[in-house]
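In terms of the UniProt record's numbering, the sequence shown opens at residue 1 and continues consecutively. We treat Cβ as the ideally placed atom computed from N, Cα and C, and that holds for glycine. All of these numbers come straight from a predicted model, not from anything done at the bench.
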Amino acid sequence: MAVSQEEHLQGIAQLLVQEKLLDKNNALNYQQMAISAKVGFLQYLINENIIEAQQLAMTVALSFGLPMLDLHAINEEMLPINLVSEKLIRRHNLIPLYNRGKQLFVATEDPSIQSSLKEIQFHTGLYASPIVVESDKLHELIDKLLSAKESQGLASYFEESKDLEDVEISSEEDKDADTTGLSTEDAPVVKFVNRILVEAIKKGASDIHFEPYERAYRIRYRQDGLLNEVASPPVTLAARIAARIKVMSSLDISERRIPQDGRFKMKISRNRSIDFRVSTCPTVAGEKVVMRILDPGATKLGTETLGFSALQKENFLRAICKPQGMILVTGPTGSGKTVTLYTALNHLNTIDVNISTAEDPVEIKVPGINQVNINPKAGLTFSGTLRSFLRQDPDIIMVGEIRDLETAEIAVKAAQTGHLVLSTLHTNSAAETLTRLVNMGIPSFNIASSVSLIIAQRLVRKLCEQCKTVRDDITERGLTELGYTPEDAKSMKCYKAVGCPQCTNGYRGRIGLFEVMPMTKAIGRLIMSGGNSLDILHLAQSEGMLTVYQSGLDKIKEGITTIEEVNRVTVD
Numbered sequence: 001m002a003v004s005q006e007e008h009l010q011g012i013a014q015l016l017v018q019e020k021l022l023d024k025n026n027a028l029n030y031q032q033m034a035i036s037a038k039v040g041f042l043q044y045l046i047n048e049n050i051i052e053a054q055q056l057a058m059t060v061a062l063s064f065g066l067p068m069l070d071l072h073a074i075n076e077e078m079l080p081i082n083l084v085s086e087k088l089i090r091r092h093n094l095i096p097l098y099n100r101g102k103q104l105f106v107a108t109e110d111p112s113i114q115s116s117l118k119e120i121q122f123h124t125g126l127y128a129s130p131i132v133v134e135s136d137k138l139h140e141l142i143d144k145l146l147s148a149k150e151s152q153g154l155a156s157y158f159e160e161s162k163d164l165e166d167v168e169i170s171s172e173e174d175k176d177a178d179t180t181g182l183s184t185e186d187a188p189v190v191k192f193v194n195r196i197l198v199e200a201i202k203k204g205a206s207d208i209h210f211e212p213y214e215r216a217y218r219i220r221y222r223q224d225g226l227l228n229e230v231a232s233p234p235v236t237l238a239a240r241i242a243a244r245i246k247v248m249s250s251l252d253i254s255e256r257r258i259p260q261d262g263r264f265k266m267k268i269s270r271n272r273s274i275d276f277r278v279s280t281c282p283t284v285a286g287e288k289v290v291m292r293i294l295d296p297g298a299t300k301l302g303t304e305t306l307g308f309s310a311l312q313k314e315n316f317l318r319a320i321c322k323p324q325g326m327i328l329v330t331g332p333t334g335s336g337k338t339v340t341l342y343t344a345l346n347h348l349n350t351i352d353v354n355i356s357t358a359e360d361p362v363e364i365k366v367p368g369i370n371q372v373n374i375n376p377k378a379g380l381t382f383s384g385t386l387r388s389f390l391r392q393d394p395d396i397i398m399v400g401e402i403r404d405l406e407t408a409e410i411a412v413k414a415a416q417t418g419h420l421v422l423s424t425l426h427t428n429s430a431a432e433t434l435t436r437l438v439n440m441g442i443p444s445f446n447i448a449s450s451v452s453l454i455i456a457q458r459l460v461r462k463l464c465e466q467c468k469t470v471r472d473d474i475t476e477r478g479l480t481e482l483g484y485t486p487e488d489a490k491s492m493k494c495y496k497a498v499g500c501p502q503c504t505n506g507y508r509g510r511i512g513l514f515e516v517m518p519m520t521k522a523i524g525r526l527i528m529s530g531g532n533s534l535d536i537l538h539l540a541q542s543e544g545m546l547t548v549y550q551s552g553l554d555k556i557k558e559g560i561t562t563i564e565e566v567n568r569v570t571v572d
């Protein structure tokens, strides 16, 4: 049996047909169009100028015998907005107006939906009495009230950080912020984002993650290599937070479908500016934003702070003081390769040498060094920049990363013709770096004659000196199984992370674990004879090289870090 159109019409739609404001066919079509547009039926009618908002509200009020109210006449500050949760207000499109005894009067556009009133009654314990208001004014006021409520909530995250109030914050693009998509009503969001950034700098974070989810929003800092949550503002602020960051980074705030990359500078004092590199990515729940903090003041450039052993430091200094050759640093992203390279450059940065770097991007700015940001979109590549450097009378060249054969060939040639070249590769060990160059297409004799030193590294968290505690749950046998000699296992102490007000989690700062492999004559001959990475590793160890793991064992023995930390970064 065919179902009549009247049975398809719902609530207010049926009423409007009965009142002859709509005919059956149009009402049914408008219902479907409203669903497709993801707006309410009444909102759709008003947005499309099908029925005037005032006429619609009067018809509904008269039909249901309910009072009608002009929302412009109310005192917004007196509304008991906290009686009903934000979720219910958004879901049912209503606003609590006032309560008398056990009765709560609510502004609504559609009193026909009894389930909405019953849910309000269930959650508040008050009988919900509807008052009809104009749909467009209702939605406008809901947005205004909840935005103000959300903005007030943002301040609570940093109420205890009173010292942040005195920090001067500005960015290169801030001058146009209010005219590029953010209204003055978003001032609390601007302040909140600025405080998140300043707090990240104060805590020594390397990255900030702004992450939207379907029903939540979280902000995390990466500190000492690990992420931890620091704030969870209302999920409804996700778009506004993303928009604020995009304005600061000179990104297109209207483009939410594709990833975007940008950067901005924040001045936090007269003599200190911090660079932020920004990446946005569209997720199913909204735009995720990740910031990399490039803080020159947070980086200490000195061989004594890296974590080298005495022999490793000696090999490092010997290699960087040679007039020519190639020094390669390898390790995963975030393992401290850039700091190691800049420690070398800082040591070599004197008035009588010309140093040039090509990076993507420049992370540590050093006076006296000519630093170039790679820009592949504009045609500025590593290989092209490296060729340009060779025409600039260089003594020392640093290439952020050797990614392809062309760059590798130019770097090798430069290292063979009187230049000191420093760069990075993505491999797991020092020995694998040599075979990686062979696999890229560099002849083995060129590798043997150009490479002077290879460093593989990882970063581990350092134990907090204030609260670290000797652990009593590991035996001598357990220590020998880790790789210690019976003598060391018998006499050494192992420590564990505890946590205190100074560190919160038992760790403070990070230190490097290194493999430092000089290119000896024996290793050079092995490469030219076709030796694999395992052969190279065994030979280097026989010549005294410590592996990253062995370096970690030394740091455990010295009470600098824990077994768990070394295993975290060295066990595949």
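May I have the straight-line CA-CA distance separating residue i from residue j, to the nearest angstrom?
| i | j | result |
| --- | --- | --- |
| residue 626 | MET519 | Not covered by the structure: residue 626. The range shown for the chain is 1 to 572. |
| SER170 | ASP207 | Annotation note: pLDDT 48 at SER170 (below 50); position unreliable, no value reported. |
| PRO296 | VAL366 | 9 Å |
| ASP352 | ALA415 | 19 Å |
| SER249 | LYS377 | 18 Å |
| VAL235 | THR561 | 38 Å |
| MET492 | GLN312 | 23 Å |
| GLU304 | GLY512 | 11 Å |
| SER85 | GLY11 | 25 Å |
| GLY181 | ILE89 | With a pLDDT of only 45 at GLY181, under the threshold of 50, the placement of this residue in the model should not be trusted, and no figure is reported. |
| PRO394 | SER388 | 10 Å |
| PHE192 | ASN47 | 33 Å |
| ILE241 | LYS413 | 48 Å |
| SER383 | ILE410 | 7 Å |
| VAL372 | HIS209 | 27 Å |
| VAL329 | HIS426 | 9 Å |
| ALA107 | TYR221 | 42 Å |
| VAL112 | VAL60 | Note that residue 112 corresponds to Ser in the displayed sequence, not to Val. Approximately 9 Å between the Cα atoms of the pair. |
| PRO130 | CYS281 | 43 Å |
| LEU15 | ASN75 | 31 Å |
| ASN370 | VAL190 | 35 Å |
| ILE120 | PRO212 | 28 Å |
| VAL17 | HIS139 | 24 Å |
| GLU6 | GLN103 | Reliability of the predicted coordinates at GLU6 is poor, the pLDDT of 43 falling under 50, and the value obtained from them is presented with this limitation in mind. The alpha-carbon atoms of GLU6 and GLN103 are separated by roughly 34 Å. |
| ARG568 | ARG508 | 17 Å |
| GLU287 | ILE196 | 18 Å |
| LEU380 | ALA358 | 10 Å |
| ALA37 | ILE50 | 15 Å |
| LYS24 | ALA13 | 9 Å |
| LYS496 | ASN428 | 27 Å |
| LYS557 | GLY483 | 11 Å |
| GLU229 | LEU21 | 53 Å |
| THR179 | ARG91 | For THR179, the predicted model reports a pLDDT of 37, less than 50, meaning its position is unreliable and no value from the coordinates is stated. |
| VAL247 | GLN550 | 47 Å |
With respect to 7 Å, is the separation between the Cβ of residue i and the closest non-hydrogen atom of the ligand SAM below this value?
| i | result |
| --- | --- |
| ALA231 | As presented, the structure is devoid of all ligands, the ligand SAM included, so that no description of it is given. |
Hey, would you say residue i sits closer than 8 Å to residue j, going by beta carbons?
| i | j | result |
| --- | --- | --- |
| GLU134 | GLN54 | yes |
| ILE442 | HIS419 | no |
| ILE474 | CYS503 | no |
| GLU565 | ARG461 | yes |
| ILE293 | ILE201 | yes |
| GLN457 | SER335 | yes |
| LEU463 | ARG510 | no |
| GLY325 | SER450 | yes |
| ASN93 | GLU109 | yes |
| TYR342 | ILE327 | no |
| VAL278 | ASP261 | yes |
| LEU66 | VAL132 | yes |
| LEU386 | MET440 | no |
DSSP has residue i in a bridge; who is on the other side?
| i | result |
| --- | --- |
| TYR217 | PRO212 |
| GLY325 | LEU420 |
| ARG403 | Looking at the DSSP assignment, ARG403 forms no beta bridge with any residue, so it has no partner. |
| MET517 | ILE454 |
| MET398 | THR357, LEU422 |
Quick one: is residue i near chain D, going by C-beta distance under 8 Å?
| i | result |
| --- | --- |
| LYS38 | Going by chain labels, chain D is absent from the structure shown, which holds only one protein chain. |
Next on the checklist: What ranges does the alpha helix (DSSP H) occupy inside the stretch 41-91, keeping only unbroken runs of at least 4 residues that lie completely in it?
Outcome noted: 41-47, 53-64
Next on the checklist: Whether or not the stretch 497-516 and the stretch 537-550 are in contact is what I'm after, with contact meaning three or more pairs of Cβ atoms, one per stretch, closer than 8 Å; do they touch?
Outcome noted: yes
Checklist entry - Per the contact definition of three or more C-beta pairs closer than 8 Å, is the stretch 431-449 in contact with the stretch 338-354? => result no
Checklist entry - Could you give the uninterrupted runs of the beta strand (DSSP E) lying entirely in the stretch 320-375, keeping only those of 3 residues or more? => result Taking 3 residues as the minimum length, the beta strand (DSSP E) runs contained wholly in the stretch 320-375 are 325-330, 355-359, 370-373, in order along the chain.
Next on the checklist: Which runs of the beta strand (DSSP E) at least 3 residues long sit entirely within the stretch 427-503? Give them in chain order.
Outcome noted: Runs of the beta strand (DSSP E) inside the stretch 427-503: 451-463.
Item to check | Every unbroken beta strand (DSSP E) inside the stretch 201-285 [3 residues or more] | outcome: 207-212, 217-223, 226-231, 260-269, 272-283
Item to check | alpha helix (DSSP H) runs contained entirely in the stretch 82-146, provided each spans 4 or more residues | outcome: 86-92, 114-124
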